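Under our numbering, the first residue of the sequence shown carries the number 18, and numbering increases by one thereafter.
Note that the Cβ used here is the ideal one computed from N, Cα and C, for glycine as well.
Small disclaimer: the values here were computed from a predicted structure and weren't measured.
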Amino acid sequence: MAHRIDGRKLSRKQGPRLALYRNLTVSILRYERVKTTEAKAKEVRGQVERMITLAKRGDLSARRAVIAEFPDEPLVVNKLFDEIAPKYADRTSGFTRIVRLGQRLGDAAPIVQIELV
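Here is the structure:
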C-alpha cells in the first residue's frame, strides 16, 4: 500500500502501523462506517478513496491491484467492485465523510465516525 512518508506514526513501528491502516481500510469497506480516533481516520481516508477510485476503473489491472492490497479479503474486493464502485460512478472524489462524535472517556482522545458518503 502506498503510504505517505511524512504521515502520522501513531506511536507504532512501521509494520504494525501499516497493518492497522490495512485493517481499518478493510473495515471501512466492509461495514461502510467505523468509529475510531480522529488521527487514524484522517490517515486512512486517502487509502479508502484510492481503493474506490481503483474499483471505479473496473478493469482487470485495477482488480489485481486491489487484490494485491487485500489478498485475504475476497468478499471485500467483490463488494468494492460490485456494490461500492457503481454507487460512486458519478463522483470523482470525496467518497468518505468524517463526523466528530466527542471525546473518549479514558484518555479524552477525539473520536470520529468515518463513513462512506
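When the Cα atoms are used, what is the spatial distance from residue i to residue j?
i: ASP76; j: ARG50; result: 26 Å
i: LEU92; j: ALA126; result: 32 Å
i: ARG108; j: ILE131; result: 18 Å
i: SER28; j: ARG39; result: 16 Å
i: ARG114; j: VAL134; result: 6 Å
i: ASP89; j: ARG34; result: 18 Å
i: ARG121; j: LYS26; result: 20 Å
i: GLY32; j: TYR105; result: 32 Å
Measuring CA to CA, which of the options is closest to residue i?
i: ILE101; options: ILE128, ALA79, MET68; result: MET68
i: GLY63; options: ARG47, SER110, ALA72, ASP89; result: SER110
i: VAL116; options: LEU37, VAL93, THR53; result: THR53
i: ILE128; options: ALA56, LEU41, TYR38; result: ALA56
i: THR42; options: TYR105, SER28, VAL61; result: VAL61
i: LYS96; options: GLU86, LEU71, ARG47, TYR105; result: ARG47
i: ILE45; options: ALA58, LEU35, ALA36; result: ALA58
For a test of the three-state rule: what should DSSP assign to residue i, helix, strand or coil?
i: LEU37; result: helix
Would you say residue i lies against chain D (beta-carbon separation less than 8 Å)?
i: ILE128; result: Structure shown: chain D not included; a single protein chain is present.
Uninterrupted alpha helix (DSSP H) stretches inside the segment 39-127 (no shorter than 4 residues): 55-74, 77-86, 91-96
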